[in-house]
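Residue numbers (this note's numbering): -7 to 76. Glycine included, C-beta positions come from ideal geometry on N, C-alpha and C. Source: prediction; values computed, not measured.
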Amino acid sequence: MLDQFTNPANPEVHRKTTAVEVWEVLKERKAERENRRRRALPAALHAALVIASRPDAIGKTIVVLLADTGERYVTSSLFDRESG
């Protein structure tokens, strides 16, 4: 019976096949997330501009919230597992 956990050739085969496939899928997903994030900003901004152009919006303040990925916080102590 084949046993991937005791087969000494398994790690090398994994690096050449499965790992490559997994890496490609992860890259595609990252690209999809980036595209969604880029589209979200213009969509929110466009909606705010449309609302601001309405006659009943004259003299009013229009607030638009733009998405933040939080990437700048990843290297801060907020994500430090040891700081609990």
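- Taking C-beta separations shorter than 6 Å and ignoring five residues to either side along the sequence, the partners of residue 40 in its chain run 54 and 56, following chain order.
- Within the same chain, Cβ atoms closer than 7 Å to the Cβ of residue 33 are found at 58 and 59, the five residues on either side in sequence being excluded.
- Inter-residue distance for residue 13 and residue 50 is about 54 Å (C-alpha atoms, whole angstroms).
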